[in-house]
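Each protein sequence line maps, in turn, to chains A and B.
371 is the number that numbering that gives the first Met the number 0 gives to position 372 of the first sequence; each next residue is one higher, with no gaps.
192 is the number that numbering that gives the first Met the number 0 gives to position 193 of the second sequence; each next residue is one higher, with no gaps.
By construction, the Cβ of each residue, glycine as well, lies at the ideal position given by its N, Cα and C atoms.
Being a predicted model, the structure only gives us computed values, none of them experimental.
This report concerns only the one structure given below.
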Amino acid sequence: MAKNIIIVGGGLAGLSAAIKVVEKGYSVDLFSVVPVKRSHSVCAQGGINAAKNLKGEGDSPAIHFDDTIYGGDFLANQGPVKRMCEAAPAIIDLLDRMGVQFNRTAEGLLDFRRFGGTLYHRTAFAGATTGQQLLYALDEQVRRFEAEGKVRKFEHWEFLSAVLDDAGVCRGICAMDLQSMEVRTFAAEAVIIATGGNGAIFGRSTNSIACTGSAQSALYQQGAIYANGEFIQVHPTAIPGEDKLRLMSESARGEGGRVWVPRDGKPWYFLEEWYPKYGNLVPRDVATRAIHKVVFEMGLGVEGQQAVYLDLTHIDAHELDVKLGGILEIYEKFVGDDPRKVPMRVFPAMHYTMGGLWVDDEHQATNIPGLFAAGECEYQYHGANRLGANSLVSCIFGGFVAGPSAVEYAKTAAKAEVPEQVFTAEKARQEAINQQFYSNEGSENPFVIWKELGNTMTANCTVTRYNNRLQETDAKLQELGERYRRVNLSDKTRWANQAFFFTRQLGNMLVLARVICLGALARNESRGAHYKPDFPERDDANFLKTTMAKHTASGPKLEYAAVDTSYIKPRPRKY
Amino acid sequence: MAEKTVQIRIKRQASPQEGPRWEEFEIPYRPGMNVIVALRDIAERPVTVEGKSTSIVSYDANCLEEICGACAMIINGRPRQACTALIDKLEQPITLEPLSKFPIVRDLQVNRQRLFEDLKKVKAWIPIDGTYDLGPGPRESPEVQQEAYPLSNCISCGNCLEVCPQYNDHTTFVGAAVISQVRLFNLHPTGRMNEGERLEALAAPGGIQDCSYAQNCVKICPKGIPLTESIAAMGRAVIKHTVKKALGK
């Protein structure tokens with residue numbers, strides 16, 4: 000059999016895994032719904048964390064580890080987080096060697112800035128387009144391997160399902176060409192899923208269109224455990240828009256930006272007043288709740304709107320251009336004002352999926368043998384709240400673990416001849432699902448169902464959660480699921496039919512939405528991004544544990560697993 | 000009073016085999032709309048201005064903040080990204096057409112694979128030894144970083160190729176975006192070690208001599224990349240490299 004690994008997703012995690020797999024002598028079939036250079040990783044702005052201590056502050060991976068665990072409210076298993084923080088400095092060096100245009104100090108060394116949830120300058124950055132620059136560096140390395148014949152790209156392909164044999168072992172994938180709409184199965188010795196977050200479940204978010212969570216949901220429905228689904232990060236500062244909530248990076252505050260609202264005719268810097276130690280750089284969940292309190296409870300939103308000011312006008316314009324140019328441009332293009340001259344108007348927006356496919360501590364292996372996961376689609380590095388600039392490092396580190404783990408699995412797992420029937424059966428199952436959509440004669444428009452899904456999830460499953468509203472939300476999700484069965488494709492053609500693919504993804508979104516909602520309902524405490532006013536305290540006795548959702552015909556079945564806290568004893572989280 | 004509306008004309012094509020046709024839509028206006036919002040409105044109610052039901056419009060889009068490069072199309076005659084095309088700033092009726100220099104897939108969707116293939120021709124990467132820990136990368140002055148960083152902002156949207164008189168399906172010209180990437184990698188201390196390979200690729204057919212200096216590229220680039228500077232710099236570098244090679248140096 001060919002020494003071949005399939006990777007689904009071509010963002011930072013997928014590309015990192017691909018590079019490692021090729022270095023181990025295996026070839027890669029890389030699947031992506033978009034050309035990999037257009038993956039959502041390009042949207043990351045502010046930077047990537049590594050405790051390189053180049054500012055003489057005494058920073059260390061141990062402090063990075065503590066900040067990350069504390070920032071995540073002790074929900075993350077500590078072993079993998081510790082290893083990630085220890086690996087981070089070498090990852091920065093590697094990216095630097097790959098040619099990432101990081102900002103420099105006068106001496107020609109990497110420059111670092113501050114980010115939320117830490118008191119150290121720990122974040123390396125390339126202007127305010129760090130994700131784009133990192134993705135391009137990895138994309139270039141993978142293109143080099145592609146030119147050498149070691150990577151085959153399947154861009155514009157939609158993942159439909161894993162191919163599982165009778166023993167439940169993953170033997171490949173079933174995917175569909177977004178243009179020809181051909182359904183095909185592909186064999187591999189192991190499969191790595193790196194399909195990102197699930198912002199589309201919330202309708203509008205800071206995520207890209209491709210971030211539907213569809214692949215994770217499909218795998219969950221095939222038996223993969225989905226962990227900590229209820230933990231959804233709402234970023235404090237984004238520009239509201241009808242199509243997207245556009246991120247205004249935390250780096251704006253890292254470089255000295257101040258958040259305020261007018262009160263009694265004067266600016267009120269409420270974060271600085273409430274959190275004197277961290278000020279504007281409290282973790283995202285804390286800043287987001289503070290903004291909600293100021294706007295909704297105190298009625299102090301700018302001009303009565305759902306908005307607060309993010310102010311950079313006191314900072315030198317040239318310095319802003321060098322360090323934050325990319326986000327200033329976004330604000331100018333979409334809002335029309337110059338943030339060097341007028342304070343930006345921002346509001347919190349759904350941003351990051353802390354939960355995801357469950358993976359083991361050591362190998363990024365899911366509970367399905369032969370199936371690995373890395374990046375935002377898995378659950379393990381950020382606990383109950385991710386610190387800013389930790390996502391890029393977790394994606395790359397996760398990919399660097401998943402790639403070699405998949406190769407090791409391929410070398411050591413018991414080889415069995417996989418009957419062709421395993422592949423033909425999965426293909427037939429997927430084609431039958433497709434045919435159902437084409438023959439459906441209902442009257443529901445999938446885009447309308449999606450809008451209702453996004454509205455209800457954003458209203459009830461983001462910043463503040465109440466049990467009665469979560470119960471109503473679950474009922475609504477089930478109603479949407481019923482209506483989804485009567486969905487009518489406005490377009491029944493069989494060539495590049497975007498309505499068809501969206502409709503398929505929507506079904507998976509509806510399933511995963513219930514995992515998020517019911518996970519939140521069951522967790523009667525407040526921890527990190529999960530906040531219930533009726534249960535305002537963290538409850539370690541009952542909830543210092545990982546939510547493990549398993550799919551059943553009647554909905555998610557929730558179980559819980561202990562959290563590894565062997566390095567840092569949980570302590571109260573007070574910024 | 001009649002509600003304010005937005006009129007849009009879209010050039011549609013169901014597949015590469017079928018001919019193009021125009022459809023007109025009228026949708027309710029809201030402040031802050033962009034072309035993407037308009038296309039989503041049409042998806043929620045795919046009915047033309049004549050009241051005829053139609054299919055949703057196919058188009059590529061992903062990040063919606065002009066950093067992924069996906070949503071390039073011709074809007075009122077000008078190639079640009081749909082996400083930053085704000086309705087308030089567009090004359091109506093707004094016309095949407097697919098980029099014309101790339102094979103059509105469907106409606107506003109085209110296949111820009113050639114752009115990525117051309118990046119292989121010029122070896123647009125830093126050939127690192129491996130991903131194991133070899134310590135920090137080379138030092139670089141802030142001045143060089145500030146020269147290189149804008150070049151690395153290229154989002155491979157293809158707008159510069161759309162307006163290039165030399166780029167079409169009967170030439171092999173790589174175009175401004177790819178030439179500018181050669182400049183980027185040849186600026187890097189490690190990338191410079193292989194500058195000869197990249198310059199030879201630009202000296203070959205389809206390389207820099209195909210440029211007619213129309214300078215349309217630099218005017219259309221949504222990221223403000225100094226493309227003509229890159230072309231001039233690489234033109235000089237290719238000549239220097241070719242002469243040196245001829246002299247056996």
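Assuming Asp72/A contacts Ala521/A (C-beta within less than 8 Å), just tell me the rounded distance between them.
-> Residue 72/A sits at position 73 when you count from the first residue of the first sequence. Residue 521/A sits at position 522 when you count from the first residue of the first sequence. In fact, because the Cβ distance is near 17 Å, the residues do not count as touching under 8 Å.
Strand pairing of His529/A, partner residues [DSSP] = As a first step, residue 529/A is located in the first sequence; it is residue number 530 there, counting from the start. Beta-bridge pairing links His529/A to Arg526/A.
Same chain, Cβ closer than 7 Å to Tyr69/A, five either side skipped, listed in chain order = By one-based count along the first sequence, residue 69/A stands at place 70. So the qualifying residues of the chain are Arg572.
What do you get for Met83/A, buried or exposed, if any count of 16 or more other CB atoms within 10 angstroms of its CB means buried?
-> Start at 1 with the first residue of the first sequence, and residue 83/A comes out as number 84. Met83/A should be labelled buried.
Rounded to a whole number of angstroms, what is the C-alpha to C-alpha distance between Tyr148/B and Ala123/B?
-> Position 149 of the second sequence holds residue 148/B. Position 124 of the second sequence holds residue 123/B. If you take the alpha carbons of Tyr148/B and Ala123/B, they lie about 15 Å apart.
Output, in chain order, the set of chain A residues within a Cβ distance shorter than 8 Å of Leu11/B.
-> Here residue 11/B is taken as the residue at index 12 of the second sequence, counted from 1. According to the sequence shown, residue 11/B is Arg rather than Leu. Simply none; closest approach about 12 Å.
Chain B within 8 Å of Thr128/A, Cβ atoms only = Residue mapping note: residue 128/A aligns to position 129 of the first sequence, counting from 1. True, the Cβ-Cβ gap to chain B drops below 8 Å.
Decide if Phe101/A is buried, meaning its Cβ has at least 16 other Cβ atoms within 10 Å, or exposed.
-> Locating residue 101/A in the first sequence gives position 102, counting from the first residue. Phe101/A should be labelled buried.
7 Å Cβ cut-off: residues of chain B touching Arg37/A = The residue you call residue 37/A lines up with position 38 of the first sequence. By Cβ distance, chain B contributes Asn61, Cys67, Gly68, Ala69.
Would you say Glu22/B reaches chain A, if we count a Cβ-Cβ gap shorter than 8 Å as a contact?
-> Counting from 1 along the second sequence, the entry for residue 22/B is found at position 23. Cβ-Cβ to chain A under 8 Å: no for Glu22/B.
Report yes if the CB atom of Ile290/A is closer than 8 Å to the CB atom of Pro235/A, and no otherwise.
-> Taking the first sequence and counting its residues from 1, the one referred to as residue 290/A is at position 291. Taking the first sequence and counting its residues from 1, the one referred to as residue 235/A is at position 236. Going by C-beta atoms, Ile290/A is nearer than 8 Å to Pro235/A.
Quick check: the segment 38-49 of chain A against the segment 388-399 of chain A, are there 3 or more CB pairs under 8 Å?
-> yes
Listed from N- to C-terminal order along the chain, which residues in the segment 433-464 of chain A have their beta-carbon within a distance smaller than 7 Å of any beta-carbon of chain B?
-> Asn444, Phe446, Val447
Please list the segments of the alpha helix (DSSP H) lying wholly inside the segment 312-359 of chain A, counting only runs of 4 or more residues, in order along the chain.
-> 316-334
Phe158/A to Met175/A, Cα distance in whole Å?
-> Counted from its first residue, the first sequence places residue 158/A at position 159. Counted from its first residue, the first sequence places residue 175/A at position 176. When rounded, the distance between both Cα atoms is 7 Å.
Are any of the Cβ atoms in chain A nearer than 8 Å to that of Thr130/B?
-> Counting from 1 along the second sequence, the entry for residue 130/B is found at position 131. With 8 Å as the cut-off, Thr130/B counts as an interface residue toward chain A.
Tell me whether Gly480/A sits in a helix, a strand or coil according to DSSP, three-state version.
-> Within the first sequence, numbered from 1, the residue matching residue 480/A stands at position 481. Of the three classes helix, strand and coil, the one that applies to Gly480/A here is helix, per DSSP.
Which residue's Cα is closest to the Cα of Ile103/B: Glu328/A, Trp494/A, Glu361/A?
-> Locating residue 103/B in the second sequence gives position 104, counting from the first residue. Of the candidates Glu328/A, Trp494/A, Glu361/A, the one whose C-alpha sits nearest the C-alpha of Ile103/B is Trp494/A.
From the beta carbon of Arg105/B, is the nearest beta carbon of chain A less than 8 Å away?
-> Counting from one through the second sequence, the residue named residue 105/B turns up at place 106. By this cut-off, Arg105/B is an interface position.
Along the chain, where does the alpha helix (DSSP H) that runs through Val260/A open and close?
-> The count along the first sequence starts at 1 and reaches residue 260/A at position 261. It is not in any alpha helix (DSSP H) - Val260/A instead sits in the beta strand (DSSP E) that spans 257-262.
When DSSP labels each residue in this structure, what does Thr546/A get in the three-state scheme?
-> Counted from its first residue, the first sequence places residue 546/A at position 547. Here Thr546/A sits in strand by DSSP.
Within 8 Å (strictly less), CB to CB, does Gly190/B reach chain A?
-> What you label residue 190/B is simply residue 191 of the second sequence in a count that begins at 1. Cβ-Cβ to chain A under 8 Å: yes for Gly190/B.
Step through the CB atoms of chain A and report whether any lies within less than 8 Å of the CB of Ile127/B.
-> The residue you call residue 127/B lines up with position 128 of the second sequence. True, the Cβ-Cβ gap to chain A drops below 8 Å.
Run through DSSP, which three-state label would Ala412/A get?
-> Sequence index remark: in the first sequence, residue 412/A carries index 413 (1-based). Of the three classes helix, strand and coil, the one that applies to Ala412/A here is coil, per DSSP.
Under 6 Å Cβ to Cβ from Pro239/A, same chain only, skipping five residues before and after it: list those, please.
-> Locating residue 239/A in the first sequence gives position 240, where the first residue counts as 1. Closer than 6 Å at the Cβ level, and outside the excluded window around Pro239/A, lie Phe346.
Can you list the residues of chain D that Ala147/B reaches, using a CB-CB cut of under 7 Å?
-> The chain labelled as chain D is not found among the protein chains of the depicted structure, namely A and B.
Ala548/A versus Gly554/A: straight-line alpha-carbon distance, rounded = Looking up residue 548/A in the first sequence gives position 549. Looking up residue 554/A in the first sequence gives position 555. Computed Cα separation, rounded: 9 Å.
Is the beta carbon of Ala200/B less than 8 Å from the beta carbon of Thr241/B?
-> As a first step, residue 200/B is located in the second sequence; it is residue number 201 there, counting from the start. As a first step, residue 241/B is located in the second sequence; it is residue number 242 there, counting from the start. Their beta carbons are not under 8 Å apart, which means Ala200/B does not touch Thr241/B by this criterion.
CA-CA distance, Trp259/A and Leu509/A?
-> Along the first sequence, read from residue 1 onward, the residue named residue 259/A stands at position 260. Along the first sequence, read from residue 1 onward, the residue named residue 509/A stands at position 510. Approximately 37 Å, taken between the alpha carbons.
Is the distance from the Cβ of Asp242/A to the Cβ of Leu63/B below 8 Å?
-> If you number the first sequence from 1, residue 242/A lands on position 243. If you number the second sequence from 1, residue 63/B lands on position 64. Going by C-beta atoms, Asp242/A is nearer than 8 Å to Leu63/B.
Decide yes or no for the touch test of the segment 450-463 of chain A against the segment 403-422 of chain A: beta carbon pairs closer than 8 Å, at least 3 of them.
-> no
From the DSSP output, in three-state form, read off Ala405/A for me.
-> For the purposes of this step, residue 405/A is taken as the residue at position 406 of the first sequence. Ala405/A falls in the helix class under three-state DSSP.
Spell out the partners DSSP gives Trp21/B in its beta bridges.
-> The residue you call residue 21/B lines up with position 22 of the second sequence. Lys10/B, per the DSSP bridge assignment.
What are the boundary residues of the beta strand (DSSP E) that includes Gln232/A?
-> Walking along the first sequence from the start, residue 232/A turns up at place 233. Segment 231-238, the beta strand (DSSP E) holding Gln232/A.
C-beta neighbour in chain A for Met72/B, strict 8 Å | The count along the second sequence starts at 1 and reaches residue 72/B at position 73. With 8 Å as the cut-off, Met72/B does not count as an interface residue toward chain A.
Assuming Ala176/B and Leu186/B form a contact by the criterion Cβ under 8 Å, report the distance between their Cβ atoms to the nearest whole angstrom.
-> Counting from 1 along the second sequence, the entry for residue 176/B is found at position 177. Counting from 1 along the second sequence, the entry for residue 186/B is found at position 187. Not confirmed; about 16 Å, so no contact.
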